[in-house]
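Residues -3 to 226 in the numbering used here are what the sequence shown spells out, letter by letter.
Here a beta-carbon is modelled for each residue, glycine too, at the ideal position from N, C-alpha and C.
Each remark here refers to the structure printed beneath this line.
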Amino acid sequence: MSIRALKQHLELLQNCGISQIYRSADISRASAPPVPTVVSQNKAAQLASLAEAYAACTKCKLHEERIKLVYGDGDPNATVMVIGEGPGEQENIQGRPFVGRAGQLLDKMLLAIHIPREEAYICNIVKCRPPGNRNPEADERSSCMPYLMEQIQIVQPKVFLLLGLVAAQTLLNTKESMTVLREQSLTLFDRPAYVTYHPSALLRNPNWKRPAWEDLQRFQVHYEMLRNAR
Ligand code: URA
């Protein structure tokens, strides 16, 4: 891991309220419950087992209105990890990310750049629906972040596609605007990261579809290079 990626990782942990980390010798003495990692299993089994382990999570208040925890979906060996904000109404009911109206648009956006949905791994910053689809709050994002970190560690995507400001600002540890983020060359944990409008935002503001299409085309060039190199 490069120094830059390490710094990014530490800043992300700090933003999640983690102010101390321990060397492995200390971890064995710590009293925190063990993280349920199952390294010997294959990626799909690991992800399924973690999804099951977290299904009844009560780490933040979002569990109060949860029907189903929405862990993630797609190819565990995906080249791209697509990260949204948090489940909506349909996702809460079905337990799968991006299955409502925004999800249908996301499927079309991906297909337009020749990526069938099943070829990507799709997940969110928070795994339970924020009431009324409000933005997830800082404590909710922090509580859920370790789950996303595990997903990244398991899937090991080659590139990230971050949908909307909540995902981008949270993961890139920035307050920059959409306009600035879309135009920058970004990295997340040493891997390229692309930012574009959230499909829900595109449903509300069709004028952003053209710039989103331009983002996707830039992403597609890089994606195809990485996928072919696998
Ligand atoms: N919006 C998101 O950010 N994620 C979903 O899963 C659905 C809608």
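Do A116 and V176 have their C-beta atoms closer together than 8 Å?
Here residue 116 is taken as the residue at index 120 of the sequence shown, counted from 1. Here residue 176 is taken as the residue at index 180 of the sequence shown, counted from 1. No, the Cβ-Cβ distance between A116 and V176 is not below 8 Å.
Would the beta-carbon of C124 fall within 8 Å of that of L65?
For the purposes of this step, residue 124 is taken as the residue at position 128 of the sequence shown. For the purposes of this step, residue 65 is taken as the residue at position 69 of the sequence shown. Yes, they are a contact pair.
Select from A51, V191, Q147, L106 the residue whose C-alpha is nearest the C-alpha of L43.
In the sequence shown, the residue the question calls residue 43 occupies position 47. Out of A51, V191, Q147, L106, Q147 has the C-alpha closest to the C-alpha of L43.
Within 10 angstroms of the Cβ of E210, are there 16 or more other Cβ atoms? Answer buried if so, exposed if not.
As a working mapping, residue 210 is identified with position 214 in the sequence shown. Exposed, since its Cβ has fewer than 16 Cβ neighbours within 10 Å.
Quick one: measure Cβ to Cβ for A163 and I111, integer angstroms, because I've assumed they're closer than 8 Å.
Here residue 163 refers to the residue found at position 167 of the sequence shown. Here residue 111 refers to the residue found at position 115 of the sequence shown. Separation of the CB atoms of A163 and I111 is rounded to 18 Å, and the pair is thereby denied contact status at 8 Å.
Which residues end up in the neighbourhood of the ligand URA when you take C-beta atoms closer than 7 Å to any of its heavy atoms?
The answer, residue by residue, is V66, G80, E81, G82, P83, G84, E87, P93, F94, G96, A98, G99, N120, L159, G160, H194, S196.
Could you give the distance in angstroms between the alpha-carbon of A208 and the alpha-carbon of T170?
Taking the first residue of the sequence shown as position 1, residue 208 is located at position 212. Taking the first residue of the sequence shown as position 1, residue 170 is located at position 174. Distance between the alpha carbons of A208 and T170: 20 Å.
Could you give the first and the last residue of the continuous beta strand (DSSP E) run that contains I118?
As a working note, residue 118 is residue 122 in the sequence shown. First-last of the beta strand (DSSP E) with I118: 117 to 120.
Pick from W204, D135, S45, I109: whose alpha carbon is nearest that of L157?
By one-based count along the sequence shown, residue 157 stands at place 161. L157 has its Cα closest to that of I109, out of W204, D135, S45, I109.
With DSSP as the reference, label L107 as helix, strand or coil.
Locating residue 107 in the sequence shown gives position 111, where the first residue counts as 1. Reduced to three states, the DSSP call for L107 is helix.
Assuming T192 contacts L159 under a Cβ cut-off of 8 Å, what Cβ separation, rounded to an integer in Å, is found between them?
On the sequence shown, position 196 is the one that residue 192 refers to. On the sequence shown, position 163 is the one that residue 159 refers to. Between T192 and L159, the beta carbon gap of about 7 Å places them in contact (Cβ cut-off 8 Å).
If we count Cβ pairs, one from each stretch, closer than 8 Å, do we get three or more for the region 139 to 154 versus the region 88 to 99?
Under the 8 Å Cβ criterion, the region 139 to 154 does not count as touching the region 88 to 99, having fewer than three qualifying pairs.
Mind checking who V253 pairs with in its DSSP beta bridge?
Not covered by the structure: residue 253. The range shown for the chain is -3 to 226.
Could you check what DSSP says for A74 in three-state terms: helix, strand or coil?
Your numbering for residue 74 matches position 78 in the sequence shown. The three-state reading of DSSP puts A74 in coil, since its state is none of H, G, I, E or B.
Could you tell me which residues DSSP pairs with V155 in its beta bridges?
Residue mapping note: residue 155 aligns to position 159 of the sequence shown, counting from 1. The partner list for V155 (beta bridge, DSSP) reads V76.
In whole angstroms, what separates the C-alpha of D22 from that of Y219?
In the sequence shown, the residue the question calls residue 22 occupies position 26. In the sequence shown, the residue the question calls residue 219 occupies position 223. At D22, the pLDDT of 42 sits below 50, so the modelled position is not reliable and the matter cannot be decided from this model.
If you count every other CB in all the chains shown that lies within 10 Å of the CB of T54, and 16 or more means buried, which is it?
As a working mapping, residue 54 is identified with position 58 in the sequence shown. So T54 ends up on the exposed side.
Contiguous beta strand (DSSP E) assignments of at least 3 residues, all confined to the region 155 to 215
Correct list: 155 to 159, 182 to 184, 187 to 192.
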